[in-house]
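**Student:**
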Amino acid sequence: MEGSTRKGSQDISQTVTSKKEEESLKQMKKICKKISVSILTLLMIMTMYLSGSGESLFLKNRDVKAFTGEAKLVMSQALSSNKISEIDRPASEGLWSMTADGHRVFCLNSGKTMCSGDTLKYKTINAATYEKKGIAKALNWYFRSSGKNTKDLSLCQAYIWACGHGANKQNTVYQAGKNVDRGYSQKDAKKFCKMISDQDPEGTIYYYTVKKCVKKKKLDSHQVLFGFRHTPPDIEKAKTSATKSGTSPDNVRIKIKKKDAETRAGLSGAVFQIYMDGNYQGSVTTDDNGEASYTVQRTVSYSVTSTKKTYVKNWNDLSKSQQKEATDNGWYDSSAKAYAVAMQEAQKLAKQKISALKSASVHTWMVRETKSPFGHLIPDQTDQSKVEQGGVRSFTFNYTNEFQKSDLEIFKQGTVKNKRGDLGVEANLQNAVYELYADHDITGSDNKSVVYKAGTLVTQMVTDANGYAKVTDLYPGYYRLHEKYAPLGYKVSSNDISVTVDKNTSQYLKEEQYEGTIRVVKTFGGENVPEAQAVFEVYDSKNNLKQTITTNDKGIAETDLLPYGAYRIHQTKTTDGYDMVPDKWVSIDGSKMIYKVESNDPKQHAGIMLTKVTRISDKETGTYTKKEEYKAEFQIIDQSTKKVIETLITDENGAAQSGKLDPGIYTVHQTKGSDNYKIADDFDVTIKDGDKKFKNLSWIIIIMEIRSGSEKRWSRMESLNQNQGLSLLYWMNLW
């Protein structure tokens with residue numbers, strides 16, 4: 001090392017002699033082994049050169065609170081000889097004692113220039129955080145623990161040189177110790193290095209570089225110096241706490257068990273409403289096991305705050321002893337750790353708070369049965385209550401129900417489409433036959449054991465005159481009504497009716513009646529010329545006038561929609577010079593929608609018109625049915641000659657008329673008839689001179705139902721009516 005005194009300007013640095021060069025050559029092998037040291041030194045020199053400030057890599061990338069300033073360097077020689085071969089320091093360079101403004105400083109590198117009187121600039125560093133721990137520990141030992149004598153100075157400087165050169169610390173210290181104490185051993189050096197290693201740096205390091213050299217030498221050739229003062233940073237404290245807020249589930253679980261009173265089997269399909277303190281919460285339905293569960297989703301809200309926890313804001317700036325002091329005081333090394341501890345406390349407080357809130361909760365739970373299981377009765381008293389308190393959150397309610405068979409009654413109602421809503425006089429609702437089938441499996445009181453399998457015919461129902469029928473003591477279940485026979489005048493329903501019987505049940509059945517319209521096609525003159533303005537009256541079988549119709553220009557007149565039954569078509573107005581056609585009967589029986597009647601008014605001349613119908617009368621129900629005889633064949637026989645003048649055949653309305661007949665006596669003789677129709681007896685008709693109208697003949701065969709006990713018997717009456725007022729009436733017993 002080179003130096004200068006204030007008394008003279010003599011250059012303390014000595015030039016390297018040729019002898020030194022020879023020694024250096026001998027030590028080349030050692031230099032090669034210490035390439036890493038040279039590289040480290042080179043990096044430090046480059047850093048100082050590039051920065052222009054002499055600052056070392058040792059201060060880079062450190063986030064420290066630094067103070068800066070200037071000082072004057074004073075140097076004095078402590079040892080004239082101080083050879084340390086471990087770092088290639090010759091004995092001649094000795095050991096120098098240096099101070100900056102009176103404070104002891106140590107140099108980093110052996111062999112660098114430094115002049116007494118140089119102006120230094122410095123920056124402070126926290127010893128506890130300085131990254132070169134070896135230097136910081138050595139300085140801490142010297143300034144806080146050593147005797148500060150020449151030996152301590154030599155040993156500390158040697159240790160710092162070893163750090164700066166990257167040399168073996170123990171060997172370097174050993175060689176320096178031998179220079180001041182011949183008895184100094186490797187063991188002593190090892191102990192010293194261990195003592196330094198165990199140091200806990202606490203204070204401020206002063207890092208010096210040359211700002212101005214009194215010899216005007218280049219600044220990058222100067223030493224870096226270290227000083228130390230025991231001025232540890234204050235412990236900076238702060239407090240934090242944690243708040244735990246939120247909600248916690250406070251669910252209530254309600255279980256309901258439903259059983260059949262007789263079999264004790266679980267019943268499905270029972271519906272229960274659930275109330276808390278009189279307020280509706282929800283409803284549940286029992287499953288196949290007769291059980292239902294309901295969970296009331298509730299929460300309790302809470303917010304708790306922990307006690308305040310102290311933490312050290314500058315923990316990493318503290319020495320280990322300071323950190324121990326903080327720990328002993330219960331202070332934490334970071335806000336995160338303090339907050340974590342506070343949060344643990346808050347969570348514990350939250351659990352206590354939640355438990356207290358739940359324990360304080362008191363509510364009354366009530367269950368009400370609103371729908372009984374299929375086929376069972378709801379008890380008179382269905383409400384059951386239980387009290388929630390002391391943290392109890394689970395309740396079970398038990399219910400039983402009585403099984404009850406039920407009745408099914410049906411009401412058959414006729415419906416029509418005609419605008420008057422006229423049901424007519426012949427259709428009736430009696431004797432409709434319905435079959436009752438099990439639509440699903442019909443079960444007993446346990447709602448499980450099968451009494452009737454699906455599709456089984458259970459019973460048959462027959463309506464009375466009012467369309468009413470009833471079956472009693474049915475097992476509750478799902479049934480199907482199938483109409484097997486419709487009553488008179490009604491269509492058999494094409495759709496089965498599903499009926500649920502779980503109590504006394506009434507089923508209203510809408511039945512569609514047969515309906516139709518009557519269309520009269522009117523011509524006259526024997527040439528089928530359409531006759532307009534011909535007027536007809538339409539009567540039902542009880543001689544009630546239903547409608548009056550008039551033909552249009554095409555000779556057509558049509559009624560409105562009429563209900564089931566037989567109707568008589570009676571002409572009241574015709575074209576002058578023509579006869580009106582005889583009455584004709586038409587039966588609306590569902591065979592068609594439009595019933596056509598064709599009539600022709602002949603010119604006024606004598607002739608015979610005839611009609612043949614059968615009327616069936618049921619006195620018990622008051623119903624009547626008329627059937628026209630189609631294709632009945634009659635002969636018109638001239639009595640004077642016994643010849644057949646004309647043969648007449650009835651049309652679909654049971655009517656026929658002859659052509660013009662001369663005056664005389666004629667016999668009407670039926671030769672053919674339809675099946676199940678009686679051949680009419682002969683009847684004589686007299687046509688006189690001057691007759692210009694047809695002789696109208698109507699055969700009405702009346703069949704009347706007479707009941708004798710439980711049997712039906714029939715009586716037959718025949719009537720032949722002539723428009724002149726002549727009539728024959730006689731009976732025939734059929735039994």
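With this note's numbering applied, the sequence shown covers 1 to 735. No residue lacks a Cβ here, since even glycine has one placed at the ideal position from N, Cα and C. No experiment lies behind these values; they were computed from the predicted model shown.
(1) Might you give, ordered along the chain, the residues of its own chain that have their beta carbon closer than 7 Å to the beta carbon of K592, omitting 5 neighbours on each side?
(2) Okay, do the region 242-251 and the region 261-270 touch, 3+ Cβ pairs below 8 Å being the bar?
(3) Determine the direct distance from the alpha carbon of R253 to that of R298, and round the result to whole angstroms.
(4) Looking only at DSSP bridge pairs, what is Y142 linked to?
(5) Measuring CA to CA, which of N466, L225, G166, V501 is closest to L436?
(6) Any chance the region 471-483 sits against the region 434-450, with 3 or more Cβ pairs inside 8 Å?
(7) Label A346 either buried or exposed according to how many other C-beta atoms from any shown protein chain fall within 10 Å of its C-beta, with 16 as the threshold for buried.
(8) With a threshold of 16 other CB atoms inside 10 Å of the CB of F58, please say whether the residue is buried or exposed.
(9) Got a sec: is the Cβ-Cβ distance from K132 to anything in chain D below 7 Å?
(10) Measuring only the C-alpha atoms, how far is E128 from R182?
(11) Could you please give me the residues that DSSP links to G147 through a beta bridge?
(12) Within its chain, find whatever has a CB closer than 7 Å to the CB of K320; leave out the 5 residues flanking it on each side and keep chain order.
(13) In whole angstroms, what is the alpha-carbon distance linking Q344 and E388?
(14) Restricting to Cα atoms, I'd like to know which of H570, E512, K190, G590 is closest to K584.
(15) Cα separation between R62 and K151?
(16) Would you check if there are 3 or more beta carbon pairs closer than 8 Å linking the region 136-154 to the region 187-204?
(17) Locate the alpha helix (DSSP H) running through I196, then write down its first and last residues.
(18) Whole alpha helix (DSSP H) runs in the region 336-377 with 4 or more residues, listed along the chain?
(19) Let's test the definition: count the other Cβ atoms within 10 Å of the Cβ of F634 and tell me whether it reaches 16, buried, or not, exposed.
(20) How many whole angstroms separate the CB atoms of L155 and L120, which I take to be in contact at a CB cut-off of 8 Å?
(21) Within the same chain, show all residues whose beta-carbon is closer than 6 Å to that of N496, passing over the 5 residues directly before and after it, in chain order.
(22) Is the number of C-beta pairs between the region 406-419 and the region 303-311 that are closer than 8 Å three or more?
(23) Look at the Cβ atom of A743, then the Cβ atom of K337, and state whether they are nearer than 7 Å.
(24) In angstroms, rounded to a whole number, what distance separates the CA positions of V362 and G390?
(25) Check each candidate in Y567, A270, T671 and name the one with the smallest Cα separation from T650.
(26) Out of T686, V644, E402, point me to the one whose CA is closest to G664's CA.
(27) Compute the Euclidean distance between the alpha carbons of S658 and L562, then round it to the nearest angstrom.
(28) Under 7 Å, do K522 and E512 count as touching if we go by C-beta distance?
(29) Check whether the region 72-88 and the region 159-178 touch, using three or more Cβ-Cβ pairs below 8 Å as the test.
(30) What does the Cβ neighbour count give for I738, buried or exposed, with the cut at 16 atoms within 10 Å?
(31) Could you spell out where the beta strand (DSSP E) holding T550 opens and where it closes?
(32) Given 8 Å as the limit, is there contact between the region 278-286 and the region 378-386, that is, 3 or more CB pairs closer than that?
(33) For G489, which option in A438, Q430, Y468 has the closest C-alpha, if you only look at C-alpha atoms?
(34) DSSP on S85, reduced to helix/strand/coil?
(35) Can you tell me where the alpha helix (DSSP H) holding T736 begins and where it ends?
(36) Select from A566, K257, H222, G164 the residue whose C-alpha is nearest the C-alpha of L545.
**Tutor:** Considering the structure as presented:
(1) These residues qualify, in order along the chain: G516.
(2) With the cut-off at 8 Å, the region 242-251 and the region 261-270 do not touch.
(3) Approximately 11 Å, taken between the alpha carbons.
(4) Per DSSP, Y142 has no beta bridge partner at all.
(5) In this structure, V501 is the residue among N466, L225, G166, V501 with its C-alpha nearest to the C-alpha of L436.
(6) In short, these stretches touch, since the Cβ pair count reaches three.
(7) A346 counts as buried, since at least 16 other C-beta atoms from the protein chains shown sit within 10 angstroms of its C-beta.
(8) Caution is warranted here: a pLDDT of 45 is assigned to F58, below 50, making its placement in the model unreliable, and the coordinate value is therefore given only provisionally. By the 10 Å Cβ count, F58 comes out buried.
(9) Looking at the structure shown, chain D is missing, and only one protein chain is on hand.
(10) A small fix is needed here, since residue 128 is Ala in this sequence, not Glu. Taking the straight line from one Cα to the other gives about 35 Å.
(11) None; G147 has no bridge partner.
(12) Cβ within range, chain order: D200.
(13) Taking the straight line joining both Cα atoms gives about 31 Å.
(14) Out of H570, E512, K190, G590, H570 has the C-alpha closest to the C-alpha of K584.
(15) Because R62 sits at a pLDDT of 42, beneath the cut-off of 50, its placement in the model cannot be relied upon, and the following sentence gives the value as read from the coordinates. Taking the straight line joining both Cα atoms gives about 33 Å.
(16) Because the criterion of three Cβ pairs below 8 Å is met, the region 136-154 and the region 187-204 touch.
(17) Annotation: the continuous alpha helix (DSSP H) that includes I196 extends over 186-197.
(18) Within the region 336-377, no run of alpha helix (DSSP H) reaches 4 residues while sitting entirely inside it.
(19) With at least 16 other beta carbons inside 10 angstroms of its own, F634 counts as buried.
(20) Contact doesn't hold; Cβ gap of about 24 Å is too wide.
(21) Per the sequence shown, residue 496 should be read as Asp rather than Asn. Closer than 6 Å at the Cβ level, and outside the excluded window around D496, lie R480, H482.
(22) The way I'd put it, the region 406-419 doesn't touch the region 303-311; fewer than three beta-carbon pairs between them come closer than 8 Å.
(23) Since the first residue shown for the chain is 1 and the last is 735, residue 743 is missing from the structure and cannot be characterised.
(24) Per the coordinates, the alpha-carbon of V362 lies some 8 Å from the alpha-carbon of G390.
(25) Nearest in C-alpha terms to T650, of all of Y567, A270, T671, is T671.
(26) For the set T686, V644, E402, the Cα lying nearest the Cα of G664 is the one of T686.
(27) Each residue's Cα considered, the two are about 31 Å apart.
(28) E512 is positioned such that its CB atom lies no closer than 7 Å to that of K522.
(29) Per the Cβ contact rule, the region 72-88 is in contact with the region 159-178 (3 or more Cβ pairs under 8 Å).
(30) Nothing can be reported for residue 738, as the shown portion of the chain is limited to 1 through 735.
(31) Per DSSP, T550 belongs to the beta strand (DSSP E) from 545-550.
(32) Short answer: they don't touch.
(33) Ranking the options by Cα distance to G489, first place goes to Q430.
(34) S85: helix per DSSP, three-state reduction.
(35) Since the first residue of the chain shown is 1 and the last is 735, residue 736 is not available in this structure.
(36) Of the listed residues, the one whose Cα sits closest to L545 is A566.
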